[in-house]
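For reference, the structure is listed below as structure tokens.
Numbering (full-length UniProt numbering), first residue to last: 1 to 151.
Next comes the structure, spelled out in structure tokens:
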């Protein structure tokens, strides 16, 4: 069976490439509508561009989706991101109540969706989104590797 998350991950990869052009670490994210047919918002890392340490792809995409929906609860929505979320982003995803987090490459140094920590599935929290990992993982990892090799 074909992976249903690949098209959305390709869009997230496009966002990640935009980050790299601006000198930011190439991470991109999209928020999908509850039925998965519409991209509600997109984002890519903008820390270097804005000087904002919270300007991670996931945070920006979640903010934009909430603004578009007129509600902070993103119940039913899916966030698709090229790199496993960090602790800050994982916390934002729990707080936003997304139903699902889909990511490409694992982040063994700072990942908080199963690699180093598992914030999103911590049973002590009041919301635990489903986590799907490894979608186009090699493509996502290759983009990051190329970026850091050229720095």
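Glycine is no exception: its CB is placed at the ideal position from the N, C-alpha and C atoms.
Member of the options whose CA lies at the smallest distance from the CA of residue i
i: residue 143; options: 116, 68, 18, 120; result: 18
i: residue 79; options: 3, 148, 110, 129; result: 129
i: residue 124; options: 94, 102, 147, 138; result: 94
i: residue 5; options: 133, 151, 145, 138; result: 133
i: residue 97; options: 108, 107, 73, 84; result: 73
i: residue 42; options: 24, 65, 26; result: 65
i: residue 45; options: 28, 10, 14; result: 28
i: residue 151; options: 24, 14, 10; result: 24
Close-in-space but distant-in-sequence residues of the same chain around residue i (CB under 6 Å, 5 per side omitted)
i: residue 140; result: 82, 104, 105
i: residue 35; result: none
i: residue 107; result: 83, 84, 115
Chain-order list of residues whose beta-carbon lies under 8 Å from that of residue i (same chain, five-residue window excluded)
i: residue 69; result: 40
i: residue 26; result: 16, 17, 19, 20, 44, 45, 82, 143, 144, 147
i: residue 53; result: 47
i: residue 10; result: 136
Contact check, residue i vs residue j, beta carbons under 8 Å
i: residue 61; j: residue 86; result: no
i: residue 127; j: residue 89; result: no
i: residue 16; j: residue 30; result: no
i: residue 119; j: residue 131; result: no
i: residue 20; j: residue 147; result: yes
i: residue 101; j: residue 135; result: no
Beta-carbon proximity list for residue i, same chain, < 7 Å, skipping 5 on both sides
i: residue 92; result: 58, 59, 62
i: residue 76; result: 34, 99
i: residue 1; result: Unreliable positioning characterises residue 1 in this predicted model, as indicated by a pLDDT of 44, which lies under 50. The coordinate reading is nonetheless provided below. Excluding residues within five positions, none has a Cβ falling inside 7 Å.
i: residue 137; result: 104, 105
### Query
Given 8 Å as the limit, is there contact between the stretch 49 to 58 and the stretch 105 to 121, that is, 3 or more CB pairs closer than that?
no
### Task
Please go through the UniProt domain "CMP/dCMP-type deaminase" (3 to 116) and give each complete alpha helix (DSSP H) segment of 4 or more residues, from N-terminal end onward.
Qualifying alpha helix (DSSP H) stretches, in chain order: 6 to 21, 47 to 50, 57 to 69, 87 to 96.
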